[in-house]
Structures are given as C-alpha cells and as structure tokens.
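For the protein sequence lines, the chains are A and B, in the order given. Our numbering runs 381 ahead of the 1-based position in the first sequence. Our numbering runs 37 ahead of the 1-based position in the second sequence. Glycine residues also receive a C-beta, built at the ideal position from the N, C-alpha and C atoms. Predicted model, so just to flag it, every value in this text is computed and none were measured.
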Amino acid sequence: MNDLYLIYKNMTRKPLRLFLTCFAIFIAFLIFSAVTTLKSALDSGVDLAADDRLVVVNSINFTQPLPIAYYQKVAAIEGVKEVTHLNWFGGFYQDAKNQIITMAVEPESYLRVYNEVVVIPEQKSAWLQTRQGILIGRKLAETQGWKIGDKIPLSSNIFSHKDGGHSWEFVVSGIFDGVDENYDTRYAVFHYKYFMETQTFGGDWIGWMTLVTQDPSINQQVADVIDATFANSQAETDTSTEKAFNKAFIEQIGNIGLIIFGVVFMAFFTILIVVGNTMALAVRERTGEIAVLKTLGFSAPRVFGMVLVESLLVALIGGFLGLAMGWLIIEGAKSSMAQFLPNLAMGGDIVAQAVLYMILLGLVTGLVPAYNALRLNIITAFNRS
Amino acid sequence: MSQEALFELKQVEKSFVKGKETISIFNDLNMTIDRGDFLAIMGPSGSGKTTLLNMLGGVDQPSGGEIWFDGARMDNLSESKLTQWRAHNIGFIFQFYNLMPMLNAARNVELPLLLTRLSRSQRKRSVEAALALVGLSDRAKHMTSEMSGGQQQRVAIARAIVSDPKLILCDEPTGDLDRTTADEILEMLQLLNRDHGKTIVMVTHDPAAASYARQTVHLDKGKFVHKEVLA
C-alpha cells in the first residue's frame with residue numbers, strides 16, 4: 382500500500398458519485414475536443430493562406446461577379462507581381478452530396494499565383510493545351526479513384542450548360558500535389574475559357590481575383606490603390622489579404638471563435654461548479670478520517686497533496702475519456718466531411734490544450750478542499766465528527 | 038517496572054478563549070508517567086481528561102508550563118515536528134475505533150507504517166505480527182465494516198502497536214463495547230503492558246476498565262484529586 386492506493390480507495394468509495402463526476406467532466410472534454418477540432422479545421426484554410434496574396438472581390442458580396450476588364454487593370458497596378466482570376470463552379474460528381482470543390486481559372490496565371498500547386502511539366506503542358514482538361518488535386522483523385530486520361534462528368538449546382546442540363550465533360554490532364562503535406566489538394570481547376578463558352582450566364586465576367594504583390598509590406602497600399610481604382614464604378618471592389626478573405630468566408634455562419642468560446646466556457650464553468658462542489662462534499666464527509674490520518678502522523682502537506690491528487694485524477698480520468706470519445710467522433714466524421722473540412726483532425730496542440738485544461742480543472746476544484754484538509758484542526762475535527 | 042520517567046508535565050496550564058471569556062482547564066498541573074506504566078485517568082465529564090490525553094499525544098499544546106517526553110522537551114515543537122513525533126512515538130486507540138472504512142483490516146493496520154522507511158515485505162511482516170497479537174490473523178482481508186465492534190477495536194489496537202511506539206494512548210477504548218468484549222480488549226491492553234512493556238495511558242469513565250490499569254488517577258476541575266496504585 383502507498384499514498385496512491387489510499388487516494389484510489391478514497392476516490393472509488395462511492396462509485397456512483399465518481400461515475401457522475403467523471404461523466405460531467407467527460408461531457409465537458411467531449412464538447413471541448415470536438416468543437417475545438419472543428420474550429421481548427423475551419424481555421425486551417427486561414428492559417429495556410431499566403432501572406433503576400435490579396436483577394437479582390439465585389440464589394441457587395443464575394444458571390445457577385447466582377448467585369449473581366451478589371452483583370453488587366455489590376456495587373457497594371459504598381460506593386461502587383463502576378464494576378465489570376467477564378468470562378469466558383471459549385472461542382473458535384475454523380476450525386477449532389479458528393480461535392481467537388483471546382484473552380485474555373487485562367488490556367489497559366491493560376492499556376493504562377495498559386496505556386497504551392499506542384500504539377501509535373503508533362504501534365505502541366507497537357508492541361509494548358511487541353512480545353513476540356515481539368516487539373517485534379519492528389520487527395521481528390523485518390524478519393525474519387527480518378528487517373529490521368531479519365532473522362533469525368535461534373536455537374537454544377539449553380540450553372541447551366543448551353544447544351545442543356547448542368548453537366549460538363551472534363552478530361553483529367555494532370556494531378557497536382559501540394560508543396561507540402563499541409564496543402565489541401567481536395568479540389569480541381571479547369572479552363573476559364575471552356576467555362577465561359579459553355580455556360581448560359583453570359584461572358585466577360587469573373588468571380589474574383591487573387592494576386593501576389595512584390596512584397597507583403599506593400600499589401601495595404603496595393604489594396605487601397607485597387608479599391609480606389611474601381612471606386613464609384615458599376616462594380617466596386619473590396620481587396621483584402623487571403624487570410625482575411627478566408628476568415629470572412631468561414632465567418633459567414635457566425636463568429637466561430639466566439640461561439641466556441643461561449644460553448645466551452647459555459648460547459649467548463651458548469652463542470653467547475655459541479656466538480657468543485659462534489660470534491661468539497663467528499664472531503665467534508667471524510668473530516669474524521671483526515672483527522673485520524675493527521676493524528677497517526679500524516680503531515681498536513683501530505684494530506685493536502687493526497688486530496689489534490691485525487692481531484693486531479695478525477696479530472697484526468699473524465700477528461701481523457703471525453704477526449705478519446707471526441708477523437709472517435711472526429712475520426713468517424715472525417716471521411717464524410719472531407720469535402721468541406723479536409724483538415725478535420727484532432728491535432729497534438731488540441732490534445733495538449735485539453736490536458737492543460739484537465740490539470741487546471743483538477744487543481745481549481747481540488748484546491749479549496751485540499752486547503753481545508755491542510756488547515757483541519759484535529760481536535761475540532763474529532764469534536765465535529 | 039522501570040521507574041524511569043517517560044513523560045513529565047511541569048506546571049502545565051491550559052486555557053481556552055470562548056467569546057470574551059477565558060476558560061481555564063489546567064492550572065499548575067504536574068504529572069509523571071513512568072516507562073512501562075499502565076495509567077488510567079478517570080474523572081467526570083469536563084474534568085479535562087481528554088484535553089490531557091490530547092496534550093500527551095501532541096495533538097494539543099499547553100498554554101503554559103513544560104512537557105517532557107523521554108528526556109526531550111516537546112511543548113515547544115512546531116506542528117510538523119509534533120506530527121513526526123507522533124508518528125514515531127505514539128499509538129492511538131479511540132472510542133469509536135476510527136478505522137478507514139474503505140480499507141480492509143490489514144491495510145488499516147499498515148497505515149502508520151506508510152510513515153516509516155520499511156520495505157513492503159517488512160511492512161507485511163509487521164502487519165501480520167500485529168494482527169496475530171490481537172488474534173485477527175484470519176480476518177486480515179476482511180473489510181472492517183464486516184466486523185463486530187470488538188474486532189474493530191482489536192484492529193485499532195493492532196494499528197496502534199504495529200509501528201512499535203513507546204506510548205499507547207487510549208480514549209475510552211471500551212466505551213462502545215459490551216462488558217464481555219470490553220474485558221477482552223482490556224485484557225489485551227494489559228497483556229501489551231505486562232508482556233510487551235508498552236506504556237499505556239487510558240482515559241475512561243468506567244471503574245471496571247480502570248481496574249485493569251496499574252494505577253489510576255482521578256481528575257476533577259483540572260486537578261488530580263486522588264491516586265490509586267492497583268498493581
């Protein structure tokens with residue numbers, strides 16, 4: 382027998398209470414791990430965005446188009462190194478649920494602006510020369526089982542084809558990789574010209590532009606010049622960094638950070654009160670036993686440590702179970718959400734953060750009862766019990 | 038019996054402050070407990086028996102005077118030093134046993150040994166020996182809640198002697214037991230005193246219990262009013 386055994390026996394003396402306390406902590410960390418992982422997945426696009434890239438969208442809303450003429454005008458602005466334009470296609474393959482992130486782009490400038498897209502020269506050349514060619518990301522190709530030369534029909538949930546219907550025929554001309562493994566390759570790009578020639582919305586418009594400046598330090602200056610150039614025109618622009626654009630895109634559904642903070646804070650606050658109260662009650666019930674331990678010669682700091690470790694253990698047991706369940710749920714949802722949240726994974730930083738919170742929870746809830754045990758006067762305790 | 042003093046109380050004072058009033062329990066209390074003695078302290082409620090026992094056990098400090106134990110002064114020790122001192126020198130037996138309900142008999146007996154440097158096997162041997170001495174070898178793995186009052190008190194006695202303390206302090210050790218069981222417990226204390234040389238101080242209301250001691254002192258209003266040598 383040692384102190385840990387005593388702590389274990391004290392902890393498990395009321396199994397139902399232990400279970401309920403651990404369950405409360407379990408729920409808190411399940412919420413924490415799932416919601417934080419979700420936020421991390423949503424933020425990953427923001428984090429991976431380049432510092433020196435700017436995005437130019439219609440100031441009304443990024444879903445509103447811009448005239449194609451803006452492309453040349455932006456390219457001529459001082460400080461702009463490269464610029465490309467993109468159109469959202471809104472694609473899916475066979476089933477509307479099988480969403481494929483697809484964009485119509487100006488091929489050559491796209492590859493210059495998005496230099497993290499790595500494609501071997503033969504495939505790059507083939508794509509540039511094939512009007513119906515589509516460039517597929519490696520992960521998307523693996524998910525869908527597509528290979529070079531495959532003819533694939535992609536449908537749009539926004540646009541109609543001139544020939545009727547919503548389906549476009551593409552030939553897989555190339556499969557690209559990311560410059561590193563963090564780069565999300567679950568998307569496809571195809572020729573803007575092919576798109577314009579075949580859709581029914583009319584021509585000469587683009588969705589948005591992405592540009593690279595000569596130096597990130599002049600980003601704001603370039604953005605101001607672009608927006609000033611198109612001020613008071615039919616389509617005013619709003620230029621921001623790619624990070625800001627991605628963040629704004631995500632926050633269409635609300636301030637994710639604030640929502641997550643609110644949910645996690647409420648869960649933790651409630652759990653803190655429940656667990657703190659339970660620990661205080663558990664220790665108060667043991668007043669006589671703590672007095673006996675002290676009488677036998679257990680020092681006050683040792684008794685303090687035992688109560689604190691007990692509280693920590695309860696927090697760690699419930700916390701790790703919640704974290705494990707959160708991980709299982711995330712892993713289970715990963716494949717079905719891969720199209721929307723390709724980086725959905727519980728990272729080491731989230732686990733470390735959760736462990737830190739478990740320790741904090743254990744310390745905060747155990748501190749008051751441990752202090753009471755430390756200060757407990759033997760004679761008073763015997764009189765009380 | 039050796040006549041060497043184990044405990045010596047010199048002009049001990051003890052008072053409590055209750056509200057604006059100071060209540061004096063002891064004033065100029067002098068006492069000597071010899072090594073190997075079995076002393077019963079009797080007296081009416083409020084006479085200061087338990088307070089005296091608490092001071093002897095180092096769980097309470099006098100307001101004045103000196104307490105010497107085995108040649109060393111202990112009334113001026115810090116709380117942490119007193120805790121260590123208790124662990125090494127004193128065995129406690131309480132009226133309501135005060136065993137840990139979540140531990141079995143052997144684990145309860147082992148508790149004081151967690152404060153020593155003994156190895157696991159040494160602790161095991163000591164626990165077995167203590168339980169054998171109180172006749173509970175066959176109940177070592179039993180939870181104390183499954184035991185009778187007498188058996189629980191015997192576990193408490195085993196716990197009190199397992200670390201071989203110099204002094205055993207008993208606070209109404211038979212107060213919760215029937216006569217037959219009480220006699221068994223008292224005989225066991227007598228045996229520990231007589232055959233194992235343990236010094237025992239016992240607080241009791243019960244004259245029959247006190248008759249097992251070598252001498253009895255009567256306390257009233259914080260003063261010794263009568264001393265009786267029985268054996």
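Within 8 Å, strictly: CB atoms of B/THR87 and B/VAL240:
yes
Beta carbon of B/ALA250 nearer than 8 Å to that of B/PHE75:
yes
Pick out whichever of A/ARG394, A/TYR386, A/MET382, A/ASP384 has its Cα sitting closest to the Cα of A/VAL664.
A/ARG394
Three or more C-beta pairs below 8 Å linking the stretch 403-420 of chain A and the stretch 561-568 of chain A:
no
Chain-ordered neighbours of B/GLU147 on chain A, where CB pairs are closer than 8 Å
MET382
Return the CA-CA distance between B/MET111 and B/VAL146, expressed in angstroms with no decimal places.
27 Å
At 8 Å on the CB atoms, spell out the chain A contacts of B/VAL192, in chain order.
Residues of chain A passing the Cβ test: none, with the nearest at roughly 13 Å.
Report the rounded CA-to-CA distance for A/ALA705 versus A/ILE711, giving the unit in angstroms.
10 Å
Is it buried or exposed, B/SER39, if we count other Cβ atoms within 10 angstroms and call 16 or more buried?
The predicted position of B/SER39 is uncertain, since its pLDDT is 42 and thus under 50; a value taken from the coordinates is nonetheless stated next. By the 10 Å Cβ count, B/SER39 comes out exposed.
Reducing DSSP to helix, strand and coil, say where B/SER39 ends up.
Because the pLDDT of B/SER39 is 42, which lies under 50, any placement of that residue in the model is unreliable, and the question is left without a value.
Helix, strand or coil for A/VAL592 per DSSP?
The residue asked about is misnamed: residue 592 of chain A is Leu in this sequence, not Val. If DSSP states are grouped into helix, strand and coil, A/LEU592 belongs with the strands.
Measure the C-alpha to C-alpha separation of B/ALA109 and A/ARG398 and round it to an integer number of angstroms.
47 Å
Residues of chain B with a CB under 9 Å from the CB of A/SER421: which are they?
None at all; the shortest Cβ gap to chain B is about 42 Å.
Give the list of continuous alpha helix (DSSP H) stretches no shorter than 4 residues that lie fully inside the stretch 131-161 of chain B.
142-147
Which residues does DSSP pair with A/LEU435 in a beta bridge?
A/LEU592, A/THR622
If B/VAL322 and B/VAL199 are in contact, beta carbons under 8 Å, what's the gap, nearest whole angstrom?
Lying before the first or after the last residue shown, residue 322 of chain B is absent from chain B, which here runs from 38 to 268.
7 Å CB neighbourhood of B/GLU183 in its chain, flanking five on each side removed:
none
Is it a yes or a no for the stretch 64-74 of chain B touching the stretch 737-752 of chain A, going by three-plus beta-carbon pairs under 8 Å?
no
Using CA atoms only, rank isn't needed, just tell me which of B/PHE63, B/GLN252, B/VAL254 is closest to B/GLU103.
B/PHE63
C-alpha distance - A/ILE818 paired with B/LYS178, whole-angstrom precision:
A query on residue 818 of chain A cannot be resolved here, the shown segment of chain A reaching from 382 to 766 and no further.
Let me know the secondary structure DSSP gives B/ALA109 once reduced to three states.
strand
If I measure Cβ to Cβ from A/ASN383 and keep anything under 7 Å in the same chain, skipping five residues before and after, which residues do I get?
none
Spatial neighbours of B/GLN227 in its chain, beta-carbon cut-off 6 Å, leaving aside the 5 residues before and after:
TYR249
In angstroms, rounded to a whole number, what distance separates the CA positions of A/ASP596 and A/VAL437?
17 Å
C-beta contact flag for A/MET687 and A/PRO750 at 8 Å
no
Can you tell me where the beta strand (DSSP E) with A/ASP568 in it begins and where it stops?
Correcting the residue identity first, residue 568 of chain A is Tyr in this sequence and not Asp. Here the beta strand (DSSP E) through A/TYR568 covers 568-572.
Spatial neighbours of B/LEU148 within its chain, please: C-beta separation below 8 Å, excluding the five flanking residues on both sides.
MET137, LEU140, ARG196
Counting contacts by CB-CB distance shorter than 8 Å, is B/MET38 in contact with chain A?
At B/MET38, the pLDDT of 35 sits below 50, so the modelled position is not reliable; the number obtained from the coordinates is stated separately. Chain A contact via Cβ: absent.
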